[in-house]
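The next block holds one structure in the form of structure tokens; read it before the comments.
Here's what the structure looks like:
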């Protein structure tokens with residue numbers, strides 16, 4: 001997994017190769033997906049990303065292991081250009097409350113309704129004593145299951161690289177690679193992974 005996602009605008013043809021000679025996503029040698037949870041400390045997520053050399057980490061539900069979204073760790077290296085005032089306020093609130101910032105506040109959620117449901121069932125849930133309930137976090141190499149409800153375009157290890165290039169040329173900055181039925185996630189691939197592959201092969 002590469003360290004720097006490209007900053008190309010949507011609908012820019014980053015990839016112009018039309019024939020990858022039968023190569024598939026499997027040929028990119030994408031490592032197994034490493035995940036984190038919404039309630040995990042963002043510092044823990046950064047450490048995991050650094051250890052496994054991932055830019056994007058899938059974020060999964062602690063209880064049902066379903067994919068909820070991703071967190072882009074690159075924003076913590078360069079400073080996120082999005083909503084700097086909001087992040088500054090969040091950091092101040094964290095200091096005031098003496099709590100660590102969690103992945104929940106920095107991740108990209110795939111489904112807004114899943115976010116609302118998670119807030120109610122996990123973040124704001126209280127135990128019998130009125131204290132905040134604690135959930136057991138998953139390990140980084142936990143098997144990741146697909147999200148419920150929403151339909152997604154399926155990219156598998158056997159998808160042609162032409163399909164992946166087309167996906168990135170539509171302005172997407174990462175792709176979730178799943179099995180044929182989309183039941184669970186193998187890994188995450190970025191445009192930089194495909195660029196690196198192109199550069200390592202003889203001229204196509």
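In full-length UniProt numbering, the protein residues as written are 1 to 204. Each residue gets a CB set at the ideal place from its N, CA and C atoms; glycine is no exception. This one's a predicted model, so the numbers in the text were calculated from it and none came from an experiment.
Comparing alpha-carbon positions, which option in the options lies nearest residue i?
| i | options | result |
| --- | --- | --- |
| residue 189 | 201, 163, 181 and 183 | 163 |
| residue 49 | 61, 103, 178 and 22 | 103 |
| residue 57 | 158, 63 and 36 | 36 |
| residue 38 | 60, 26 and 54 | 60 |
| residue 133 | 143, 120 and 141 | 120 |
| residue 182 | 166, 192, 158 and 191 | 158 |
| residue 160 | 54, 14 and 18 | 18 |
| residue 139 | 194, 73 and 44 | 44 |
| residue 28 | 165, 42, 47 and 109 | 165 |
| residue 201 | 13, 14 and 21 | 21 |
Starting from the C-beta of residue i, find all residues in its chain whose C-beta is less than 8 Å away, skip the five residues before and the five after it, and write them out in chain order.
| i | result |
| --- | --- |
| residue 40 | 102, 103 and 137 |
| residue 167 | 153, 155 and 175 |
From residue i to residue j, what does the alpha carbon distance come to, in whole angstroms?
| i | j | result |
| --- | --- | --- |
| residue 81 | residue 75 | Note on residue 81: pLDDT 40, under 50, position unreliable in the model; the coordinate value appears next. Each residue's alpha carbon lies about 8 Å from the other. |
| residue 172 | residue 124 | 32 Å |
| residue 116 | residue 71 | 17 Å |
| residue 65 | residue 34 | 12 Å |
| residue 113 | residue 147 | 12 Å |
| residue 23 | residue 199 | 14 Å |
| residue 144 | residue 180 | 14 Å |
| residue 141 | residue 32 | 8 Å |
| residue 83 | residue 26 | The pLDDT assigned to residue 83 is 45, lower than 50, so where the model puts this residue is not dependable, and the model offers no usable value. |
| residue 67 | residue 47 | 20 Å |
| residue 194 | residue 184 | 22 Å |
Helix, strand or coil for residue i, going by three-state DSSP, please let me know.
| i | result |
| --- | --- |
| residue 68 | strand |
| residue 141 | coil |
| residue 114 | helix |
| residue 14 | coil |
| residue 187 | strand |
| residue 135 | coil |
| residue 159 | coil |
| residue 196 | helix |
| residue 103 | helix |
| residue 97 | Reliability fails at residue 97, whose pLDDT of 45 lies under 50, so the model's placement of it is uncertain and no value is given. |
| residue 166 | helix |
| residue 108 | strand |
| residue 175 | strand |
| residue 126 | strand |
| residue 46 | helix |
Among residues of its own chain, excluding the 5 on either side of residue i, which ones have a beta-carbon nearer than 6 Å to its beta-carbon?
| i | result |
| --- | --- |
| residue 155 | 175 and 177 |
| residue 52 | 34 |
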